[in-house]
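Going by the UniProt record's numbering, the first residue of the sequence shown is number 1, and it counts up by one from there. All C-beta atoms, glycine included, are put in the ideal place defined by N, C-alpha and C.
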Amino acid sequence: MSSQADNETLLRGLVEDCDGVYGTLEQAVSELEIPRVKSVRTVATFKGFLQLGNPEEYDTAVRIPVERYYRTYVAKPPTASSYVLCSDFAMGQKQAEPSASADARKDDQSGDDSNLTPVRLLRTYQVTQESAPGGKIDVERDQLAKGYEYGRTAVHIDETDENITTLETFAGLELLGFIQTDKYERYMHMSTTNIIIAQRANDKAALALSSFIHALFELDCYAVGRLVMRENKPPVIVLLAPSIEPDYECLLEVQLPFAEDVRTYRFPPLDRVITVSGKVVTTHRNLPSNDLQDAMDKYVNSMEMVETNDNGDPVETLPIEDSFSPILHRIGSAIRSRAIHPTEPIPPLSKTLLRFSQPAEDLVEKSKKYLDRLIAAADVKKVPPKTKGRKRYGEAEKPLSGLDVDSLLHQEKRAKISPNNAIPEFKQTLTQAENIDGVKDAVKQMTAIVEDQIRHSLGDVNYDRVNEQMGVMRDELISYEEPTLYNDFLIQLKEKLLKEELGGDRRELWWLLRKSKLGLIDQRQSEQSLVTEAEAEEVLYVKE
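So this is what it looks like as structure tokens:
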């Protein structure tokens, strides 16, 4: 044993002197479960000039040769190609082929002995023409023309005029201005992160860019630029942030939004309630109490993924270097396994890839008492499981409190739906329906309301209201498993619109309904429907 230990010590020293890794067989086997990150070839996405001012007009303009590379980019799993299994008939045809054809096919498949045959995609273009056999004729690709949709009109643009839609630009990165770091909002990021470095083997450019990076860092600023990747490509606005490390300097670049890219949605604040009169209320049943806020703070702090090492320094529990993409490595391991062992089952997913699928056990155990306190402070109650689908008719759903709301409000069952409040009353009538006759009566009333609004619509004034009402009818009847009622209504409505029985030519309304996908309820959307997908698609179109 002493000689074995001496040999291991000698071997360990040899490996460490050669900058190698020494370990046991058990460690080597465990290392196989750790995914290996594939190294990506470095390719510049832009090579040009970072410039401030127009060098053609001003001698004081600055131009720095730079290169642009990805810092973060989504790693995508391998995609599957389309193949078809060779049938016995096809295999017989292969055997009956002449030797020259067989050799050509064999060369084309690159020595693949599997029973898979590549699939070629063949695309055809057709237009509707009633006089042609089958009602459609084929159109060659050369006969197609480009057009843009403008309302219901297709605006045609000739090939000679296509330059109208192309903005004439020149490749480059031009500085537009600067902004203080505390004035920039992080949610403005619109892209992956890139790095801007000086042109390789250009010391003068490296010195100039380093000066620019240090100036941004010292002034606590970001630069805003206009980037054109290649000539005549659409320009993008980018933000440039300085990044300085002991042995590395660069500019971090992200894309910024244009005015049309920003969604300025407004939502009520979470820390206060504003009444109709404008009064600010800080104590409300919908606002968290101090006890609830304190319980939530302690629970969040207990789930912090930072630990301390032996020296007391903070260490990340889940560093980004160990966060592997489950879908990427799962597909890769499955392909390798099936290629090596075609008949054996795919091995289970590695525990390393499941590391981020749930919180760490020690964190869950450490935060359990804080979670219990949070549940008690928030008065959390278990909600009964939701039943699949909805009853067509029958007993109304009872609230959790067990109170009969209708009797408390002395609410009578609705007999007639008001056109001024059609959607809520239609839903209420369906809820109160005790049998199928009640559902049919509600649909009949809603049909009359929709047709009356179409008939008395001045132009397209009521079209949006009709579109919303029909959308609610469709959704509700799918939930109540009565698609036939909606399908019959829609077919009758189309017939009346085409015959101009609802106040003249209302074809534009049918175009709006088709655009909103309010066609027939087919078998994909409801198992009770008798309409196929092809039949539903055919009803949407109007034959001229």
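Use the C-beta contact count for residue i: other C-beta atoms within 10 angstroms, 16 or more gives buried, fewer gives exposed.
| i | result |
| --- | --- |
| ASP6 | exposed |
| SER81 | exposed |
| ARG68 | buried |
| HIS214 | exposed |
| GLU365 | exposed |
| PHE489 | buried |
| ALA442 | buried |
| ARG474 | buried |
| PHE267 | exposed |
| LEU50 | buried |
| residue 551 | No statement about residue 551 is possible, as the shown extent of the chain runs from 1 to 544 and does not include it. |
| GLY111 | Note on GLY111: pLDDT 43, under 50, position unreliable in the model; the coordinate value appears next. That one is exposed. |
| ASN309 | exposed |
| TYR486 | buried |
| GLU140 | exposed |
| GLN27 | exposed |
| ALA241 | buried |
Let me check understanding here. Comparing Cα to Cα, which of the options lies closest to residue i?
| i | options | result |
| --- | --- | --- |
| GLU162 | LEU175, TYR148, PRO242 and ILE34 | TYR148 |
| PRO257 | ARG230, ALA295 and MET188 | MET188 |
| GLN180 | THR9, PRO359, TYR150 and TYR222 | TYR222 |
| LYS494 | GLU451, ILE237 and ASP158 | GLU451 |
| ILE478 | TYR463, GLU468 and ARG524 | ARG524 |
| ARG71 | TYR125, PHE178 and THR192 | THR192 |
| ALA75 | LEU328, LEU227, GLN255 and VAL276 | LEU328 |
| ASP460 | TRP510, PRO483 and PRO419 | TRP510 |
| MET190 | ASN232, GLU260 and VAL139 | GLU260 |
| ALA377 | GLU249, TYR299, GLU218 and ALA360 | TYR299 |
| ILE454 | LEU502, SER277 and ASP464 | LEU502 |
| ALA433 | LEU207, PRO246, GLU527 and GLU476 | GLU476 |
| ILE137 | LEU144, VAL127 and VAL262 | VAL127 |
| ALA360 | ASN311, ARG285, ILE375 and GLU307 | GLU307 |
| ALA44 | ARG230, LEU14, ASN462 and ASN487 | ARG230 |
| VAL238 | ASP17, GLN27 and LEU173 | LEU173 |
| ALA201 | PRO65, ASP522, LEU10 and HIS456 | PRO65 |
| GLU185 | GLU56, SER350 and VAL262 | VAL262 |
| ARG373 | GLU8, LEU292 and HIS456 | LEU292 |
| SER243 | LYS427, LEU216, ASP182 and VAL224 | LEU216 |
| PHE46 | LYS38, GLU56, PRO246 and ILE196 | ILE196 |
| LEU209 | LEU497, ASN421 and TYR248 | TYR248 |
| MET446 | GLY151, VAL224 and LYS427 | LYS427 |
| ARG355 | THR124, LYS496, ARG285 and PRO326 | PRO326 |
| THR169 | PRO55, ALA448 and ARG226 | ARG226 |
CB-CB under 7 Å to residue i, same chain, minus the five flanking residues each way: which ones, in chain order?
| i | result |
| --- | --- |
| ASP108 | Summary for ASP108: the model assigns pLDDT 47, below 50, so the residue's position carries little reliability, and this model does not support an answer. |
| THR282 | ARG272 |
| PHE324 | PRO35, THR352 and LEU353 |
| GLU31 | none |
For residue i, write down the residues that DSSP places opposite it in a beta bridge.
| i | result |
| --- | --- |
| HIS156 | GLY147 |
| ALA223 | PHE178 and LEU240 |
| ASP138 | GLN126 |
| VAL84 | THR117 |
| LEU25 | Paired residue(s): none; LEU25 is not in a bridge. |
| VAL273 | VAL281 |
Can you list, in chain order, the residues of its chain whose CB lies under 8 Å from that of residue i, leaving out five sequence neighbours each side?
| i | result |
| --- | --- |
| ILE423 | GLU468, GLN469 and VAL472 |
| SER418 | GLU425 |
| LYS106 | Its pLDDT being 45, under 50, LYS106 is placed unreliably in this model, and the coordinates cannot settle the point. |
| LEU518 | ASN467, MET470, GLY471, ARG474 and LEU490 |
| GLU537 | GLY519 |
| GLN129 | GLY135, LYS136 and ILE137 |
| LEU167 | ASN232, PRO234 and PRO235 |
What first and last residue would you give for the alpha helix (DSSP H) that runs through residue i?
| i | result |
| --- | --- |
| residue 598 | The structure shown does not extend to residue 598, since the chain is modelled only from 1 through 544, so no value can be given for it. |
| LYS440 | 436-455 |
| PHE212 | 203-219 |
| LEU493 | 483-498 |
| ASN301 | 290-302 |
| PRO314 | Looking at the DSSP string, PRO314 is not in any alpha helix (DSSP H); the run it does join, the beta strand (DSSP E), is 314-316. |
| ASN467 | 463-479 |
| THR431 | 422-432 |
| GLU67 | It is not in any alpha helix (DSSP H) - GLU67 instead sits in the beta strand (DSSP E) that spans 62-70. |
| LYS381 | No alpha helix (DSSP H) contains LYS381, which DSSP labels as neither H nor E. |
| ARG514 | 507-515 |
Leaving out five residues on either side along the sequence, give the residues of the same chain with a beta carbon under 6 Å from the beta carbon of residue i.
| i | result |
| --- | --- |
| MET305 | THR317 and LEU318 |
| MET303 | LEU363 and SER367 |
| ALA102 | Residue confidence is low: ALA102 scores 44 on pLDDT, short of 50, so the model does not pin down where it sits. No coordinate-derived value is stated. |
Following the continuous beta strand (DSSP E) through residue i, name the residue where it begins and the one where it ends.
| i | result |
| --- | --- |
| GLU361 | Careful: GLU361 lies outside any beta strand (DSSP E), inside the alpha helix (DSSP H) at 361-378. |
| LEU252 | 248-256 |
| LEU349 | Counting along the chain, LEU349 falls outside any beta strand (DSSP E), and DSSP gives it neither H nor E. |
| ALA198 | 194-198 |
| LYS47 | 46-52 |
| VAL306 | 306-308 |
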